[in-house]
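Structure first, commentary second.
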Amino acid sequence: MTELSDEQKRDFEAAAFRRLLAHLRERTDVQNIDLMNLAGFCRNCLSNWYRDAAEAEGVDLSKDQSREIIYGMPYAEWQALNQTEASDAKKAEFEARRPRDH
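With full-length UniProt numbering, the residue at position 33 of the sequence shown is 33, and numbering never jumps.
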């Protein structure tokens, strides 16, 4: 097995993250509630984690700024273009599985 340097690991992790963002931006049919119910995280979680990482390095990012980075556009714009009303069943599933920090 090839030994990776810390720099290589960071670069590969960054590339994988960029690919994940591109995938989520293309798959606007997949709603955040679907991601939450199936995987326990969503685009908003990613934006929160991004903001947490920035703040850990002393960079002040607002919630809106971090969401725009993840969504590739202002969150309100993404919602207007892509967000649909969740069914009662999806809402109930979310409530049953809701992470403590949501």
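Every residue gets a Cβ at the ideal spot worked out from N, C-alpha and C, and that includes glycine.
All of these numbers come straight from a predicted model, not from anything done at the bench.
For D88, the enclosing alpha helix (DSSP H) covers residues D88 to R97. Under a 10 Å Cβ-count criterion, W49 is classified as exposed, with fewer than 16 other Cβ atoms of the shown protein chains found around its own Cβ.
As for any alpha helix (DSSP H) of minimum length 4 sitting wholly inside the segment 43–76, the runs are 43–56 and 63–71, ordered along the chain. In the DSSP assignment, Q8 falls within the unbroken alpha helix (DSSP H) covering D6 to E26. Annotation: D64 to Y75 spans about 7 Å, alpha carbon to alpha carbon. Here the C-alpha atom of S5 lies approximately 16 Å from the C-alpha atom of A16.
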